[in-house]
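Only one structure is covered here, and it is reproduced in the block below.
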Amino acid sequence: MSISKKTKAILVSSLLPVFLLILWQFSTSGGKASSHILPLPEKVLTTFVSLFNEGEFLNDIVISMKRVMSGFLIGITAGFAFGLLMGLSRTAEKIFAPFFDGVRQVPMVGWIPLIVMWFGMSETTRIIVITIAAFYPTTLNTFSGVRNVPREYIELASVYGYKRFKLIRRIIIPAALPSIITGFSLSLGMSWMLLVAAELLVDTPVGIGMLISTGRERSQMELVVVGIITVGLLGLAMTKIVEKFGKVVERGRVIRQEL
Numbered sequence: 001m002s003i004s005k006k007t008k009a010i011l012v013s014s015l016l017p018v019f020l021l022i023l024w025q026f027s028t029s030g031g032k033a034s035s036h037i038l039p040l041p042e043k044v045l046t047t048f049v050s051l052f053n054e055g056e057f058l059n060d061i062v063i064s065m066k067r068v069m070s071g072f073l074i075g076i077t078a079g080f081a082f083g084l085l086m087g088l089s090r091t092a093e094k095i096f097a098p099f100f101d102g103v104r105q106v107p108m109v110g111w112i113p114l115i116v117m118w119f120g121m122s123e124t125t126r127i128i129v130i131t132i133a134a135f136y137p138t139t140l141n142t143f144s145g146v147r148n149v150p151r152e153y154i155e156l157a158s159v160y161g162y163k164r165f166k167l168i169r170r171i172i173i174p175a176a177l178p179s180i181i182t183g184f185s186l187s188l189g190m191s192w193m194l195l196v197a198a199e200l201l202v203d204t205p206v207g208i209g210m211l212i213s214t215g216r217e218r219s220q221m222e223l224v225v226v227g228i229i230t231v232g233l234l235g236l237a238m239t240k241i242v243e244k245f246g247k248v249v250e251r252g253r254v255i256r257q258e259l
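At position 217 of the sequence shown the residue is numbered 217 (my numbering), and the sequence of numbers has no breaks.
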């Protein structure tokens with residue numbers, strides 16, 4: 001019986017996680033590694049189940065997801081608009097691109113002290129940090145996608161008498177869509193990466209970052225590992241959803257072009 005390509009892909013992508021799990025089990029069994037450095041896999045699993053049964057962990061996940069989605073949506077909206085503006089206008093590029101290129105060299109966590117001074121240890125601060133993380137990839141990919149639209153598309157549209165707005169809506173944005181969706185996916189990944197930094201450095205009573213911080217303070221490494229794995233799994237799942245959405249949108253665009 002032949003194995004489908006999708007099944008093969010799943011099996012291949014599972015090899016590394018399975019290998020790491022075996023290595024983890026081997027390293028921690030028999031006291032080879034201190035539990036303060038690396039807890040037993042079964043201890044992490046037990047802690048994970050216990051936290052879910054208590055109910056507070058689910059609330060932490062929901063709060064963290066709200067923060068990520070709030071910052072992500074604001075960031076990609078602003079990034080799309082800014083990238084589109086620079087992509088369409090050479091003048092806008094000359095005005096904004098040097099400043100943008102300079103500002104984006106600042107590490108993401110480097111913005112946190114400044115934002116804290118402006119907005120305090122607040123929910124607004126955490127969301128702004130995530131917004132900045134989501135803003136850059138979408139801006140760059142939107143700009144790149146718009147600038148790389150084939151010239152013949154625009155020339156053909158001008159033959160049909162497309163006005164500026166119609167040209168942008170019907171030709172430029174659809175042609176740049178694959179690059180824009182890639183930017184969304186990268187932005188979502190960056191949002192999850194900065195979530196933990198935002199929750200650790202900007203004190204919060206709830207959230208996955210709080211769980212990691214609690215584990216660190218109590219020297220309960222299993223809590224830290226549970227938090228890290230949870231962020232990784234949630235980030236992966238949501239990124240896959242965005243990628244799937246991109247494929248659906250791209251398929252719809254191709255079908256409309258054929259019609």
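Every residue gets a Cβ at the ideal spot worked out from N, C-alpha and C, and that includes glycine.
Asked                                                                                                       : Found
Ser89, buried or exposed, once every other Cβ within 10 Å from all chains shown has been counted against 16 : exposed
Minimum length 4: unbroken alpha helix (DSSP H) runs contained in the region 24-94                          : 41-54, 56-88
Inter-residue spacing [alpha-carbon to alpha-carbon] between Ser29 and Arg147                               : 55 Å
Given 8 Å, three or more beta-carbon pairs between the region 212-225 and the region 158-169                : no
Per-residue burial, Met1 [other beta carbons within 10 Å of its own, 16 or more giving buried]              : Caution applies to Met1, whose pLDDT of 49 falls short of 50 and renders its modelled position unreliable; the model cannot decide the point.
Per-residue DSSP class, three states only, for Arg218                                                       : coil
Same chain only: Cβ atoms within 6 Å of Tyr136, ignoring 5 sequence neighbours per side                     : Arg104
The region 178-186 contacting the region 227-237, beta-carbon criterion three pairs below 8 Å               : no
Close beta carbons around Arg256, own chain, < 6 Å, minus the five adjacent residues each side              : Because the pLDDT of Arg256 is 49, which lies under 50, any placement of that residue in the model is unreliable, and the question is left without a value.
Simplified DSSP assignment, three categories, for Thr142                                                    : helix
Inter-stretch contact at 8 Å, needing at least 3 Cβ pairs: the region 65-81 / the region 130-144            : yes
Residue of Phe26, Leu45, Ser14 minimising C-alpha distance to Leu223                                        : Leu45
Supposed close pair Glu199, Arg151 - CB separation, criterion 8 Å                                           : About 46 Å; that fails the 8 Å criterion.
Under 8 Å between C-beta atoms of Leu195 and Val68                                                          : yes
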